[in-house]
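Reading through the structure tokens given below for one structure.
Chains as they are written, first to last, in our numbering: chain A, -5 to 287; chain B, 84 to 309.
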């Protein structure tokens, strides 16, 4: 009760402290948005990576499906898709429907020149080498014309590098910014409490126990956090709404606003939790210094 | 009973505030502690509230050596003592009612009791019409009367008044002394530290004179003499 009264009466200080905490919470929200974008980019890149095993023309469907079954039994394999010779031809024709030269050339050929293939996707891009190793040692290796991993190896490695980099640096940047945010909040709350140090001294002289003196300041700190979370949410969602279409034109399929709307029941409580925790912990640490008499 | 036995106090900068002081104050006494600035009057009072630790000797309150009290006992000790200061030490963010109520809240009084007693005590000190005023809206005399109301709200055993008239004009100073004497008549021990000759002589009670950290005179019904 006393903490709430303090919050109301310290108008200007409360406004300033809440303002700083709003910025800190917006920074947190921004970092979460960046993490989401980075994760989506990495997932997008990784989903584009796969390897294809092309079989010789004389390989039977039965033999290919045996290789498929072997692959599906492997732990790192996420999915294996069989593309028959006919399907490959169909796809090829569809892909070059507008190219008369290719269509004519195909019509000239007596037999389907395309090979059957298996498209293999691994759970993570680092596992392709192991899958290729398995194929190399397969007893039906002689039926395989080529495995396109060797052509894709560079691309796969680069994707892996970018993913790792984004994840590691993203984590480091998040931690550094979070630490700065905590320090800024802590110092702002400390200044607010510093301005009331004489009051704390008087409360002690009148016989207030440490807990009786501390409790209103913890409530006050929590109130700063709560209001900051409220304002930050009110600013963040409209901002995400306006920015989202622009990001989507750069990276199609990346619905930033949709993501935060569908996770609203987790995101808003998280903002409130972080805000209130920051306020209460900062107050608790700051007031310790003034409880020495 | 309050007893200072062979008490010395040295500040961090090496200055000696008290030199082997011996003093006994009986329950219900009114004692004026006089002397020039720097004589050690405030230091003596601050030892009683444990704002300071003696560098030598012992301080007893009702037979308890204050050195034996733990950190969590200090608030309990301070609730037995009411303090009044020259600079009032009021909570600027709280109004008159809340300033006085705080002293009761820390003692664990019920809201109902606080709502009843606080206006009565504010009435006694002549602030019945200033219940919702903040300290910055009160005059010097009113601030000091508010501080006295806060000091006596929880019926303390002792009231320590450290230069309570130092910032007041003559009329307000008389009011404060009369209030302190009234409180004393109800059985509370009052220690009145002052270098205000007029006020000490008005009280006309035991006078303990200090100079350079020592007690130089102790008169049962004395006057301010240096």
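Beta carbons are placed, not taken as given, at the ideal position from N, Cα and C, and that holds for glycine.
The structure presented is a predicted model; accordingly, all values stated were derived computationally and were not measured.
For residue 249/A, the closest Cβ of chain B is not nearer than 7 angstroms. Inter-residue distance for residue 61/A and residue 134/A is about 7 angstroms (C-alpha atoms, whole angstroms).
The beta carbon of residue 126/B does not come within 7 angstroms of any beta carbon belonging to chain A, so the residue lies off that interface. Residue 143/B is bridged by DSSP to 86/B, 148/B. With fewer than 16 other Cβ atoms from the protein chains shown falling within 10 Å of its own Cβ, residue 239/A counts as exposed. Per DSSP, residue 161/A has no beta-bridge partner at all.
Taking 7 angstroms as the Cβ-Cβ cut-off, the segment 199 to 224 of chain A approaches chain B at 199, 200, 201, 202, 203, 206, given in chain order. The Cβ neighbour count for residue 125/A, taken over all protein chains shown within 10 Å, is at least 16; the residue is labelled buried. Taking C-alpha positions only, residue 99/A is separated from residue 82/A by approximately 16 angstroms. Closest by C-alpha distance to residue 159/B, out of 212/A, 199/A, 114/A, 229/A, is 199/A. Listed in chain order, the non-local C-beta contacts of residue 90/A below 8 angstroms within the same chain comprise 96, 97, local neighbours out to five positions each way being set aside. For the 7 angstroms CB-CB criterion, residue 79/A and residue 108/A form a contact. Partner residues in the beta bridge of residue 276/B, as assigned by DSSP, are 116/B, 245/B.
Among the CB atoms of chain A, one or more fall inside 7 angstroms of the CB of residue 174/B. Shown here, residue 122/B sits in coil according to DSSP, grouped into three states, outside any helix or strand. In the same chain as residue 178/A, and ignoring 5 residues on each side of it, the C-beta atoms closer than 7 angstroms to its own belong to 14, 18, in chain order. Here the segment 192 to 210 of chain B makes no contact with the segment 220 to 227 of chain A; the two share fewer than three CB pairs at distances below 8 angstroms. At the C-beta level, residue 256/B and residue 293/B stay beyond 7 angstroms of one another. Excluding its 5 nearest sequence neighbours in each direction, residue 86/B has C-beta neighbours in its own chain below 6 angstroms: 107, 143, listed in chain order. Membership of residue 48/A in the beta strand (DSSP E) is indicated by the continuous run 45 to 49.
Taking a Cβ-Cβ cut-off of 8 angstroms, the neighbours of residue 196/A in chain B comprise 172, 173, 174, given in sequence order. Between the segment 193 to 208 of chain A and the segment 261 to 270 of chain A, the count of C-beta pairs closer than 8 angstroms stays below three; the two stretches do not touch.
For the 7 angstroms CB-CB criterion, residue 288/B and residue 180/B do not form a contact. Each of 220/B, 139/B, 136/B, 134/B was checked against the Cα of residue 174/B, and the nearest Cα belongs to 220/B.
Residues of chain A whose Cβ lies closer than 8 angstroms to the Cβ of residue 179/B do not exist; the shortest such Cβ separation is about 14 angstroms.
Exclusion of the five residues before and after residue 298/B leaves 104, 105, 106, 291, 292 as the residues of its chain whose Cβ lies within less than 8 angstroms of its Cβ. Residue environment for residue 246/A: exposed (fewer than 16 other C-beta atoms within 10 angstroms of its C-beta).
Interface flag for residue 189/B against chain A is set, since a Cβ pair is found closer than 7 angstroms. Scanning chain A for C-beta atoms nearer than 8 angstroms to the C-beta of residue 185/B yields 197, 200, 202, reported in chain order. DSSP, read as helix, strand or coil, puts residue 72/A in strand. In the three-state reduction of the DSSP assignment, residue 212/B falls in the coil class. Inclusion of residue 139/B and residue 192/B in the CB contact set at 7 angstroms is not warranted, their separation being larger than that value. Among the residues of the segment 267 to 283 of chain B, none has a Cβ less than 9 angstroms away from any Cβ of chain A. Distance from the Cα of residue 231/B is smallest, within the candidate group 127/B, 263/B, 277/B, for 263/B. Those residues of the segment 181 to 193 of chain A placed with their C-beta closer than 9 angstroms to a C-beta in chain B are 190, 192, 193, ordered along the chain.
According to the DSSP secondary-structure assignment, residue 172/B is paired through a beta bridge with no residue.
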